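Encoded as structure tokens, the structure appears first; notes follow it.
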Amino acid sequence: MADKNHLYLVDGSAYIFRAYHRLPPLTDPEGTPVGAVYGYTTMLWKLAEDLDKADGPTHLAVVLDKSSHSFRNEIYDQYKANRPDPPEDLVPQFPLIRHATRAFSLPCIEEPDVEADDMIASYAREAQSKGWDVTIVSSDKDLMQLVGERDGARIDMLDTMKNARIYIEEVEEKFGVPPEKVGDVLALMGDSVDNIPGIFGVGPKTASKLIAEHGDLTAALDSAEDMKKSKLKERLIEHRADAELSRVLVTLKEDCGLPVDIDDMKLDGVPPGPLAQFLEKHGFTSLLRRLDAGSGSPDRPNNLNPAKAENAGAEASPQGSRQPLPEMPAVDRSSYECVQTIDRLKAWVSRAEASMLVAVDTETSALDSMAADLVGISLALGPNDACYIPLAHGGTDMFAEKPDQIALEDALAALRPLLASDAVTKIFHNGKYDLNVLARYDVEVTPIDDTMVISFDLDAGRGLDGIGGGHGMDELVDRHLGHTCLTFKEVCGTGKKAISFGEVPLDRATEYAAEDADVTWRLYQHLKHRLPLEGGTAIYERVDRPLVPVVARMEQRGIKVDRANLAGLSKEFATETGRLEKEIHALAGREFTVGSPKQLGDVLFDTLGYKGGKKGKSGQYSTDQSILERLSGEGAEIADKVLEWRQLTKLKSTYTDALQEAINAKTGRVHTSYSLVGAQTGRLSSTDPNLQNIPIRTAIGRQIRDAFVAEEGNVLLAADYSQIELRLAAHMADVGPLKEAFANGEDIHARTATEMFGEVTRDTRAQAKTINFAILYGISRWGLAGRLGVEADEAQAMIDTYFKRFPGIQRYIQETLETVRERGYSETLFGRKTWFPRIGSKNQAERQGSERAAINAPIQGTSADIIKRAMIRMEAALADAGLPKVQMLLQVHDELVFELPESDIDAASKVIENVMANAARPAVILDVPLGIEIGTGKSWGSAH
DNA sequence: CGGATCACG
DNA sequence: GACGTACGTGATCCGA
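Using the UniProt record's numbering, the first residue of the first sequence is number 1, and each one after it goes up by one.
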């Protein structure tokens, strides 16, 4: 997986002593001294801000000393005996440190009779044993014993005051020995602050020299016998016992009991409420302003992340600045290098490895990432510091002279270590595409960042009428960098004269391709900077960023469809529609294009004279399903025929014909493409082909689902969240009766019918179901009336009853609209924002449309967040359960489809249900259970 | 290329 | 006083 867990352990007690001495003696409005607390608060702020950085925390806890007593006092009664009392204006700040920690909603570890250092050591080792990286936020020299690498997991330290990282090299520089021997050095030199004796007269220099020379403490002490007569020799012999005692005292206890599970230290966003309260209480106004603004000026990078801590009003929108970022020079395409030799490529790779951050873009021969061939790769390490590596340029004519370029396999061999290096973040714009292309060349790419996804997490819904709402690269570059990129059309042309990228001359190709990498690098700086300031970090880092490789793999797997089955259906549908068309023409009395709503409207309402033709704003009669059904009810045979004709042509053109064409020639499977930024609410969308709208509601349509099949020996498994949006509505709106019904596993629509009408009949249940859905979508009396076929008055009465029985719903709607009007966006339980720039429109229709969408977005979006979390965890969960052959193939909003060996059904079902049912945890604990329904079969149709 | 229609959750 | 009435998508067809 791209992201490694990284635990930050903050040595809180040590920090405040240092902060106290370094910061001015501030007091809060009540006169309480808070200088050290302020320093501590800003430190946590900065750490939280680092959540999105390459080496930043994924998990974090603060460790404090609860008491000064520990096992060391038992073996040495003078331990820390001469430590002076803390200054009196520091004493009242100790409890405030806990308050500050709580305000950030961070776990705080304090155990009686255990020193913070030992607790940190124990947690560090625990995390390391699980393969996590660890950063100890401290500069305490005792803790330097822990620095180093073990089984691929690293422990380092961070001195936040000096803003310096401490790695093995730094420890060696300080002590002259590697970390594991620091204890020996400390034992010799002693520590006056902790009153550790050491050897009197031996300081750091002598101690490190002795240990470096002899290897360890015992050997150093033994060596005294052979020394020339000296003061040092005498002291080593005389105080040997002191040194040995000191060795025990400086040894960290690495097996303390761990009161909090490290998994529970996950940084999952900082709720703004308690933090704002804390900042306010102690008069930390500058921090409070940043929190309230939810945005900062670009030259003030030290702002806070909290995921849900933004209050940015629509007017405070920081997007749309066309100012180039100050430190970035204008794009200069002439600065780019075309890399044509392996030596030059190696030079770029080693520079990229050193910079830890590289923007990457692939150029290909087509748009379909599962079919396109790789034509070249561009890299960028900074503004105007970019190159293009052509790999398959040259005319389509195989005899045409090809430009000099590195052999594909040589280039990939040079790039693979860089692209797979944990230490280097690869930035893409829509990285899923590049991942898919490169995967077909056996190139693994991890970890990645994605500017398209970051843009979506910051600005979903922010565009107006298609202006500035997208997340395409050219659009973002224009919007954020004030620059216009070369377009693909300019380079490759359009229409019939269009050439493929491989035919573009290298100088031109370099300008285009390297520019894409260059601007991706620049966009990244801009967008990634905004994430913590605008509360986008949690949803990006915890949901959408880790999802990218998961979805890429799903696309790569594809799903098998039975071509012969589809071809058979196409033929049936063709025969039938031909027959229907003749009948329709006969009934109409003339031939016309049945597929033309305009001509059909004229036939129905003018030629045949049916009543009730309604013209829309386009001036043409509406002939949609509801109209045709009405006519059918009035006895119009032609309406029935048209309905049937429409159904069959729809199924044929959109499904049975199109799906056959979508079968990939190489894999023999159908590979959809999911968009992570397509739906404003955070849902995925599916294109080319859309596999999220395969028919299921009618028997004839379901035949198409039966054409989606498993390979021989395998089955398909479909796992659905049952009624997830209603469950979330019950939780979010705190609707007692609905929560109770879900807890009891009741039929929710029946329960609604009972509450509303006092009895459950087929009729009242159906009405209740309609009303339940209406609620999710933002209800209006006319809309409901139309659906139920009743008068608006009656619909209003039902709405009133609903609100009366379920008062939480009305409150939810009110509160949601108020916050959206105030802040400009709605939010899911996981902190995903959707913007509603039209919520205050003077145009009533437009405004009401926004209101309905705003009521729905938190529910639909939370559901999307939950299934995404399940997807992210699914692969590891299946692997851990020894089920590597179970493959997740499709997502359909509340459903996941897997392909698996028949023999794995039982075991896989358990894992899948467990992951899906618990996907909200631990970030969100729902008041309702998440019900999962699982089915299996040889085809998708039979798995339901 | 926009509108109308209809497939899905 | 008129507006135009359920949320979120994508594919296909027609016709300007």
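The beta carbon of each residue, even a glycine, is placed where N, CA and C say it ideally should be. All of these numbers come straight from a predicted model, not from anything done at the bench.
- By the 16-neighbour rule on beta-carbons within 10 angstroms, residue 260 is exposed.
- Looking at the backbone, the Cα of residue 128 and that of residue 662 are separated by about 46 Å.
- Note that the region 341-354 touches the region 414-426; at least 3 beta-carbon pairs, one per stretch, sit closer than 8 Å.
- Residue 483: not part of any alpha helix (DSSP H); DSSP gives it neither H nor E.
- For residue 380, the beta-bridge partners assigned by DSSP are 359 and 386.
- The beta carbon of residue 812 sits closer than 7 Å to the beta carbons of 732 and 733 from its chain, once the five residues preceding and following it are set aside; these are given in chain order.
- A distance below 9 Å separates the beta carbons of residue 515 and residue 331.
- For a cut-off of 8 Å, the C-beta gap from residue 931 to residue 660 is around 36 Å, too long to register as a contact.
- Contact between the region 130-138 and the region 149-157 is present: 3 or more CB-CB pairs across the two stretches fall below 8 Å.
- If you keep only unbroken alpha helix (DSSP H) runs of at least 4 residues inside the region 23-108, you get 35-49, 71-75 and 93-103.
- Residue burial is scored here from C-beta neighbours: residue 111 has at least 16 other C-beta atoms within 10 angstroms and is therefore classed as buried.
- With a cutoff of 9 Å on beta-carbon distance, residue 868 and residue 544 are scored as near each other.
- When C-beta atoms of the region 557-565 are compared with those of the region 855-869, fewer than three pairs fall below 8 Å, so the two segments do not count as touching.
- Per the Cβ contact rule, the region 402-414 is not in contact with the region 451-460 (fewer than 3 Cβ pairs under 8 Å).
- One thing to note: residue 224 has its Cβ no nearer than 9 Å to the Cβ of residue 213.
- In the DSSP assignment, residue 577 falls outside any beta strand (DSSP E) and lies within the alpha helix (DSSP H) extending over 563-588.
- Cβ neighbours of residue 749 within its own chain (closer than 7 Å, five residues either side excluded): 765, 768, 769 and 772.
- Just measuring C-alpha positions, the residue of 677, 518 and 500 sitting nearest residue 485 is 518.
- Looking at the backbone, the Cα of residue 549 and that of residue 669 are separated by about 20 Å.
- Apart from the 5 residues on each side of it in sequence, residue 706 sits with its Cβ closer than 6 Å to the Cβ of 939 and 941 in its chain, given in chain order.
- In the DSSP assignment, residue 901 forms a beta bridge with 714.
- By the C-beta criterion, the region 113-127 is judged not to be in contact with the region 38-48, since fewer than 3 inter-stretch pairs fall below 8 Å.
- Counting every other CB atom within 10 Å of its CB across the protein chains shown gives residue 898 a total of 16 or more, marking it as buried.
- Bounds of the alpha helix (DSSP H) holding residue 632 are 625-633.
- Note on the region 501-566: whole alpha helix (DSSP H) runs with a minimum of 4 residues are 506-533 and 545-557, in chain order.
- Collapsing the DSSP output to three states places residue 473 in a helix.
- DSSP places residue 620 in the coil class of the three-state scheme, outside both helix and strand.
- With fewer than 16 other beta carbons inside 10 angstroms of its own, residue 91 counts as exposed.
- In the DSSP assignment, residue 425 forms a beta bridge with 357.
- Annotation: residue 9 is outside any alpha helix (DSSP H); the continuous beta strand (DSSP E) that includes it extends over 6-11.
- Cβ-Cβ distances below 8 Å link residue 268 to 307, 538, 542, 922 and 923 in the same chain, with the five nearest sequence neighbours on each side left out; the list follows chain order.
- Closest in C-alpha terms to residue 870, from the list 546, 609 and 667, comes 546.
- Rounded to whole angstroms, residue 823 and residue 777 show a C-alpha spacing of 21 Å.
- Taking a cut-off of 8 Å on C-beta distances, the region 356-365 touches the region 374-390, as three or more cross pairs fall below it.
- In the structure shown, the three-state DSSP call for residue 190 is coil.
- Beta-carbon to beta-carbon, residue 513 and residue 376 are separated by about 6 Å, close enough to satisfy the 8 Å threshold.
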